[in-house]
Amino acid sequence: MTTTLLTDIGLLVTNDPTLGTGPTGELTDAAVIIDGGRVAWIGAAVDAATAIAELGLGPLSEIDKASAGGACVIPGFVDSHSHVVFGGDRAAEFEARMAGRKYEAGGIRSTVAATRAASDEELRARLYGFVDEMLAQGTTTLEIKSGYGLSVESEERLVRLASEVTDEVTFLGAHVVPAEYAGREGGADEYVELVTGPMLEACAPHAKWIDVFCETGAFSVEQSRRVLEAGIAAGLKPRVHASQLGPGDGVRLAIELGAASVDHCTYLSDDDVAALAASSTVATLLPGVEFSTRQPYPSGRRLLDAGVTVAIACDTNPGSSFTSSMPCC
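If you read the sequence shown in numbering that gives the first Met the number 0, its first letter stands for residue 0, the second for the next number, and so on.
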């Protein structure tokens, strides 16, 4: 295994206040020892040689050395919300929104058709391209959702491909009701039966999380509950898309079922904020969506001041946030 000593770090952000100053644990004139691909030690540069000896990593003369050139070194970004396995594009939809058309969840169906028509090789090539982009921009942990197949075969394919690049795979068969179900009476409930039955059975072996788009134009609270409870029973952990297009009860459902996160949170009531503050559910904000859809940005400061745990992610997808850059978001 290779051991590397990274020196000449102008500012090291540890994200541990016990290791440095301020809430992010900042160190100046710092060094990092990386051994076998893992961070083995961080501290003042003047203490690096002693640390190498104490760790039994060999004489300093045998250690690879690298300089940060006085730059800031931070932990890798965690992008906890992305949809990067899909076919086609929705450039026309972006153009229409720039002309003033309102964003609607139904645009997802156009990507579903393109994704179903794409080969595994085409989907894999785009997926790996996004992963390369993210790594180049500092994202080292990535969550990927399905949701652009909306059939048993297609959803299984998407979570299987996603599992090639990350352990954080989310089954989102309940993204919207696909066209073949949306046009008939009771079609949405029939589709929920498919999601909670054969589709979940096929996808659960490749996934860690279960998600649902609890929103007008997608799934009701009652339908969302059925999806999440079925996923939990299958051993998946819940998370929820909610309050993106308007106020609703999705936040409360997420909290009630112990969801790890409720994502978007564009429209939150004071009661929603208070409930989130009293829970362990993370409010994940996706500002790339607001930028692209011209919706109001949710107030992160409002949430933080109330005691809510807040995360930020890209929501990389073809329709409402076509960016993979955490620094941008």
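A virtual CB, placed ideally from N, CA and C, is assigned to each residue, including glycine.
Within the same chain, G137, T138, T139, T140 come within 8 Å of G75 by CB-CB distance, once the 5 residues on both sides are set aside.
G42 is the residue among G35, G42, I8, L5 whose C-alpha sits nearest the C-alpha of D15.
Rounded to the nearest whole angstrom, the C-alpha separation of T315 and S291 is 11 Å. Listed as beta-bridge partners of V77 by DSSP are T140. For H240, the beta-bridge partners assigned by DSSP are F212, D262. The C-alpha of I51 is placed about 47 Å away from the C-alpha of G146.
Of all C-beta pairs linking the segment 118-138 to the segment 54-65, fewer than three are shorter than 8 Å, placing the two stretches out of contact.
Between the C-alpha atoms of G69 and D7 there is a straight-line separation of about 5 Å. Taking 3 residues as the minimum length, the beta strand (DSSP E) runs contained wholly in the segment 134-185 are 138-144, 167-173, in order along the chain.
For I41, the enclosing beta strand (DSSP E) stretches over residues 37-43.
In the same chain as P246, and ignoring 5 residues on each side of it, the C-beta atoms closer than 7 Å to its own belong to Y266, S268, in chain order. With 16 or more other Cβ atoms inside 10 Å of its own Cβ, E214 counts as buried.
Within 10 angstroms of the beta-carbon of T49 lie fewer than 16 other beta-carbons, which makes it exposed. For L26, the pairing in a beta bridge is given by DSSP as L11.
DSSP assignment within the segment 267-312 yields the following whole alpha helix (DSSP H) runs of 4 residues or more, N-terminal first: 269-276, 286-292, 299-305. Rounded to the nearest whole angstrom, the CA to CA distance from V83 to C328 is 16 Å.
With a cut-off of 8 Å on Cβ pairs, the segment 274-286 is in contact with the segment 248-264, counting three or more such pairs.
Straight through space, the alpha carbons of K207 and F170 are spaced by roughly 8 Å. Between the alpha carbons of G299 and L56 lies a distance of about 43 Å.
Between L284 and C264 the beta-carbon gap is near 6 Å, inside 8 Å, which marks them as a contact. Counting along the chain, A65 sits inside the beta strand (DSSP E) bounded by residues 63-66.
Shown here, L59 sits in a helix according to DSSP, grouped into three states.
Here A47 is not near L10, since their CB atoms are 8 Å or more apart. The DSSP-derived three-state label of V83 is coil. Secondary structure of C71 (DSSP, three-state): strand. Residues of the same chain with a CB within less than 7 Å of the CB of R225, apart from the 5 flanking positions on each side, are V191, T195 in chain order. E142 and S81 do touch by the CB rule: their CB atoms are close to 6 Å apart, below 8 Å.
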